[in-house]
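Peer 1:
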Amino acid sequence: MHPAPSVIIFSVLSGLGFGFMAFMALGFLPLTGMWAFWAWGVGYALAVGGLIASTTHLGNPQRALKAFSQWRSSWLSREGWAAVLALFALAPIALGDWLGFGVPFVWRGLAAALALITVFCTAMIYTQIKAVPRWHHWLTPVMFMAFALAGGALLAMQAALAFVLLLALAVVMLVLFYTGDRQFARAGQTMGTATGLGLRGEVSVFEQPHTGGNYLLREMIFVVARKHAQKLRVIAVLFAAVLPALMAAVGGLGLMLAAVPVHLVGAFAARWLFFAEAEHVVGLYYGKRQGVLR
Amino acid sequence: MTCLPGHTEKKLGLAIDLDTCVGCHACVTACKGWNDQGYGVPLTDQDAYGADPSGVFLNRVHSYQVQPETGAAQVINFPRSCLHCEDAPCVTVCPTGASYKRVEDGIVLVNESDCIGCGLCAWACPYGAREMDAEAGVMKKCTLCVDRIYNENLPEEDREPACVRTCPTGARHFGDFADPDSKVSQLAAKRGGFDLMPDMGTKPTNKYLAPRPKDRRNEASLLAPLLDIEATGFAGWLDRVLGKI
Chain W
0 MHPAPSVIIF SVLSGLGFGF MAFMALGFLP LTGMWAFWAW GVGYALAVGG LIASTTHLGN
60 PQRALKAFSQ WRSSWLSREG WAAVLALFAL APIALGDWLG FGVPFVWRGL AAALALITVF
120 CTAMIYTQIK AVPRWHHWLT PVMFMAFALA GGALLAMQAA LAFVLLLALA VVMLVLFYTG
180 DRQFARAGQT MGTATGLGLR GEVSVFEQPH TGGNYLLREM IFVVARKHAQ KLRVIAVLFA
240 AVLPALMAAV GGLGLMLAAV PVHLVGAFAA RWLFFAEAEH VVGLYYGKRQ GVLR
Chain Y
0 MTCLPGHTEK KLGLAIDLDT CVGCHACVTA CKGWNDQGYG VPLTDQDAYG ADPSGVFLNR
60 VHSYQVQPET GAAQVINFPR SCLHCEDAPC VTVCPTGASY KRVEDGIVLV NESDCIGCGL
120 CAWACPYGAR EMDAEAGVMK KCTLCVDRIY NENLPEEDRE PACVRTCPTG ARHFGDFADP
180 DSKVSQLAAK RGGFDLMPDM GTKPTNKYLA PRPKDRRNEA SLLAPLLDIE ATGFAGWLDR
240 VLGKI
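The structure is reproduced here in structure tokens:
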């Protein structure tokens with residue numbers, strides 16, 4: 000799949016922002032006054048900034064409000080609702096921390112849950128797609144949640160919690176790389192099933208349907224060079240999880256703050272791979288999938 | 000709502016005969032020609048006369064080589080377009096309701112004035128049936144020529160999809176798969192019409208008809224009866240005499 004910068008920026012920043020604000024809502028980082036203002040400002044900037052970045056992915060962003068209409072069937076629509084509800088539910092807590100009034104814990108819990116539900120909905124947009132076997136796996140939402148919680152704990156300066164969650168993130172990432180590499184084969188789709196001609200013999204491309212490029216080739220048949228993928232995987236796990244975990248283990252405000260950009264570098268690399276390595280079954284029609292390359 | 004209808008009155012679709020398709024791409028051209036000026040925004044091209052031309056098509060014709068375990072390989076031309084699935088994943092993922100399946104005839108359409116161009120429906124489709132229009136920023140797909148098949152301004156013989164109307168070999172058939180007596184249902188039943196990637200759970204309406212088995216080439220020479228002639232009469236005498244010299 001084409002790794003569009005808008006969607007990578009959106010899912011990384013929004014995930015981190017909502018994860019962070021979930022911890023803030025639950026009172027993990029008890030700040031008051033201007034410190035609270037800036038901390039919540041960072042959370043909102045990440046979440047909202049990410050959402051705005053996602054609208055640049057649209058062909059007609061001026062109609063984006065229509066995306067709230069189909070929550071009964073569409074995960075993208077549900078995500079929009081969850082994001083707006085979470086941002087509204089978090090607002091009184093942010094104001095309370097800043098201006099010094101209390102918000103009932105039930106409300107705080109609800110707002111934190113909505114923030115995490117938003118991340119879950121984001122993950123489900125990808126997980127639901129059967130045509131991309133690498134994404135169509137229960138570990139995909141686990142990975143998105145692990146990123147949001149680990150990054151959020153890091154931003155919320157929870158050294159011990161962040162250490163544990165970052166190590167968990169490393170495990171999830173490694174397991175997902177391993178299972179993900181096998182998902183396309185497990186899905187069982189080949190040029191034979193795509194064309195329905197597999198029982199007659201070995202199907203191969205005789206002639207492509209067009210000599211120029213098209214949307215399908217650009218959007219869904221993006222192929223990443225393997226050697227880069229392997230390097231990026233190492234960078235992703237090291238920067239997103241291992242290094243920040245070590246920094247959190249040492250602890251201290253300065254090191255915790257420094258761990259955030261390190262984590263983000265890894266998160267961007269991981270999310271780029273999430274798209275770039277994902278193979279859509281439509282590639283089979285063009286003879287450009289594992290099913291044929293083997 | 001982009002929930003799928005539980006039941007559609009008709010199941011309009013195509014039966015595509017891979018036996019008769021010669022891969023001429025006439026259906027591709029006819030489709031582009033009609034849909035350039037019919038339903039919705041035109042199918043735009045980018046850099047049409049430049050070094051890297053690209054454009055939207057609702058129908059593409061692939062050519063595959065199929066190599067059986069024994070015998071010669073066979074070239075099979077393979078038109079690929081929207082299958083108007085019963086369980087269309089492109090419909091349910093749509094956040095705006097622009098993508099929908101019609102209750103009356105099962106055609107899957109895009110309401111372009113509601114489409115935000117997020118591209119999620121194209122991701123959800125296993126068959127690559129949807130292509131984003133780079134100019135208009137909306138998703139384009141086969142409409143089964145919904146603006147032809149019910150169009151009373153057209154002569155009756157033209158009230159079928161442009162690809163079907165134009166096919167010079169009659170490889171494309173249009174009809175109602177919900178009616179077991181329709182031409183397409185009969186064809187699909189008789190020729191073992193099959194679904195593409197049935198495990199994807201999309202329940203496609205369109206059916207593909209497999210190439211018929213090829214005749215075996217006669218290995219013996221057509222001249223065989225002429226190679227073993229016993230000459231008689233004078234020619235026979237000459238043959239024997241000359242053979243002895």
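Taken in order, these protein sequences are the chains called W and Y.
Note that numbering that gives the first Met the number 0 has the first sequence beginning at 0, numbered continuously upward.
Note that numbering that gives the first Met the number 0 has the second sequence beginning at 0, numbered continuously upward.
Heads up, the beta-carbon is just placed ideally off N, CA and C, and yes, glycines get one too.
The structure presented is a predicted model; accordingly, all values stated were derived computationally and were not measured.
1) Beta-carbon within less than 6 Å of W:M172's beta-carbon, same chain only, minus the 5 sequence neighbours each way: which residues are those?
2) Any beta carbon from chain W within less than 8 Å of Y:F176's own beta carbon?
3) Do we get a CB-CB distance below 8 Å when we pair W:I92 with the residues of chain Y?
4) Give a yes or no on whether 8 Å exceeds the smallest Cβ distance from W:L204 to chain Y.
5) Just mark Y:T142 as buried or exposed, buried being the case when its beta carbon has 16 or more other beta carbons within 10 Å.
6) Residues of chain Y with CB under 9 Å from W:Q127, in chain order?
7) Kindly indicate if chain W contains any beta-carbon less than 8 Å away from that of Y:E156.
8) Which residue comes first and which comes last in the beta strand (DSSP E) that contains Y:V65?
9) What in chain W is Cβ-close to Y:Y126, meaning under 9 Å?
10) Which complete beta strand (DSSP E) runs does the region 83-160 of chain Y hold, if anything under 3 residues is left out?
11) The alpha helix (DSSP H) with W:G197 in it runs from where to where?
12) Within 8 Å of any Cβ in chain Y, is that where the Cβ of W:H136 sits?
13) Under 8 Å by Cβ, that's how I've got Y:L82 and Y:T204 pegged, so tell me the actual separation to the nearest angstrom.
14) Taking the alpha carbon of W:L245 as the reference point, which residue from W:V131, W:F100, W:V261 has its own alpha carbon closest?
15) Hey, is Y:G37's beta-carbon within less than 8 Å of any beta-carbon in chain W?
16) First and last residue of the beta strand (DSSP E) that includes W:R181?
17) Kindly list the residues whose CB is nearer than 7 Å to the CB of W:L272, restricted to its own chain and excluding five residues on each side of it in sequence; keep chain order.
18) Under 7 Å, CB to CB, which of the residues in the region 60-80 of chain Y have a partner in chain W?
19) I need the DSSP call for W:A111, collapsed to helix, strand or coil.
20) Shorter than 8 Å from the beta carbon of Y:L11 to some beta carbon of chain W?
21) Which same chain residues, not among the five before or five after W:L25, have their C-beta less than 8 Å away from its C-beta?
22) Use the C-beta contact count for W:L98: other C-beta atoms within 10 angstroms, 16 or more gives buried, fewer gives exposed.
23) Residues in the region 47-58 of chain W with C-beta within 8 Å of chain Y's C-beta atoms, listed in sequence order?
24) Could you compute how far the alpha carbon of W:R71 sits from the alpha carbon of W:A93?
25) Kindly say whether Y:G105, judged by its beta-carbon, lies nearer than 8 Å to any beta-carbon of chain W.
26) Roughly how many angstroms lie between the CA atoms of W:P4 and W:S13, to the nearest whole one?
27) Determine the direct distance from the alpha carbon of Y:P41 to that of Y:E134, and round the result to whole angstroms.
28) Are any of the Cβ atoms in chain Y nearer than 8 Å to that of W:Y214?
29) What residues from chain W crowd round Y:S184, counting only those whose CB sits closer than 7 Å?
30) Report the rounded CA-to-CA distance for W:R199 versus Y:R190, giving the unit in angstroms.
Peer 2: According to the data block:
1) Here residue 172 of chain W corresponds to residue number 173 of the first sequence, with the count starting at 1. Here the set comprises V236.
2) Here residue 176 of chain Y refers to the residue found at position 177 when the second sequence is read from its first residue. Cβ-Cβ to chain W under 8 Å: no for Y:F176.
3) Counted from its first residue, the first sequence places residue 92 of chain W at position 93. Cβ-Cβ to chain Y under 8 Å: no for W:I92.
4) In the first sequence, the residue the question calls residue 204 of chain W occupies position 205. In the sequence as displayed, the identity of residue 204 of chain W is Val instead of Leu. So, interface residue.
5) The residue given as residue 142 of chain Y occupies position 143 in the second sequence. Y:T142 is buried by the Cβ-count criterion.
6) As a working note, residue 127 of chain W is residue 128 in the first sequence. Correct list: P88, T91, V92, A123.
7) Counted from its first residue, the second sequence places residue 156 of chain Y at position 157. Taking Cβ atoms only, chain W never reaches closer than 8 Å to Y:E156, which makes this a no.
8) For the purposes of this step, residue 65 of chain Y is taken as the residue at position 66 of the second sequence. Per DSSP, Y:V65 belongs to the beta strand (DSSP E) from 58-66.
9) The residue given as residue 126 of chain Y occupies position 127 in the second sequence. Residues of chain W passing the Cβ test: A130, A193, V280, V281, Y284.
10) 98-100, 107-109
11) Here residue 197 of chain W refers to the residue found at position 198 when the first sequence is read from its first residue. Unbroken run through W:G197: none, as it is neither H nor E.
12) For the purposes of this step, residue 136 of chain W is taken as the residue at position 137 of the first sequence. By this cut-off, W:H136 is not an interface position.
13) For the purposes of this step, residue 82 of chain Y is taken as residue 83 along the second sequence, with counting starting at 1. For the purposes of this step, residue 204 of chain Y is taken as residue 205 along the second sequence, with counting starting at 1. Confirmed, about 6 Å.
14) Along the first sequence, read from residue 1 onward, the residue named residue 245 of chain W stands at position 246. W:L245 has its Cα closest to that of W:V261, out of W:V131, W:F100, W:V261.
15) On the second sequence, position 38 is the one that residue 37 of chain Y refers to. Output row for Y:G37: interface = no.
16) Locating residue 181 of chain W in the first sequence gives position 182, where the first residue counts as 1. Here W:R181 belongs to no beta strand (DSSP E); instead the alpha helix (DSSP H) covers 158-186.
17) Position 273 of the first sequence, counted from the first residue, corresponds to residue 272 of chain W. Answer for W:L272: A228, L231, R232, A235, listed in chain order.
18) V60, H61, S62, Y63, Q64, V65, Q66, P67, E68, V74, I75, F77, R79
19) Position 112 of the first sequence, counted from the first residue, corresponds to residue 111 of chain W. The answer is helix: DSSP assigns W:A111 an H, G or I state.
20) Sequence index remark: in the second sequence, residue 11 of chain Y carries index 12 (1-based). For Y:L11, the answer is no, since every Cβ of chain W falls outside 8 Å of its Cβ.
21) Taking the first residue of the first sequence as 1, we reach residue 25 of chain W at position 26. Excluding positions up to five away in sequence, the list reads R107, G108, A111.
22) Numbered from 1 along the first sequence, position 99 holds the residue referred to as residue 98 of chain W. Exposed.
23) H56, L57, G58
24) Within the first sequence, residue 71 of chain W is the residue found at index 72, counting from 1. Within the first sequence, residue 93 of chain W is the residue found at index 94, counting from 1. The alpha-carbon atoms of W:R71 and W:A93 are separated by roughly 30 Å.
25) Position 106 of the second sequence, counted from the start, is the residue given in the question as residue 105 of chain Y. Y:G105 does not count as touching chain W.
26) For this step, residue 4 of chain W is matched to residue 5 along the first sequence. For this step, residue 13 of chain W is matched to residue 14 along the first sequence. Roughly 14 Å separates the two Cα atoms.
27) If you number the second sequence from 1, residue 134 of chain Y lands on position 135. If you number the second sequence from 1, residue 41 of chain Y lands on position 42. Y:E134 and Y:P41: Cα-Cα distance of roughly 9 Å.
28) The residue given as residue 214 of chain W occupies position 215 in the first sequence. By this cut-off, W:Y214 is an interface position.
29) Counted from its first residue, the second sequence places residue 184 of chain Y at position 185. The premise fails here: Y:S184 is roughly 18 Å from chain W at the closest Cβ pair, so nothing lies under 7 Å.
30) The count along the first sequence starts at 1 and reaches residue 199 of chain W at position 200. The count along the second sequence starts at 1 and reaches residue 190 of chain Y at position 191. C-alpha separation (whole angstroms): 15 Å.
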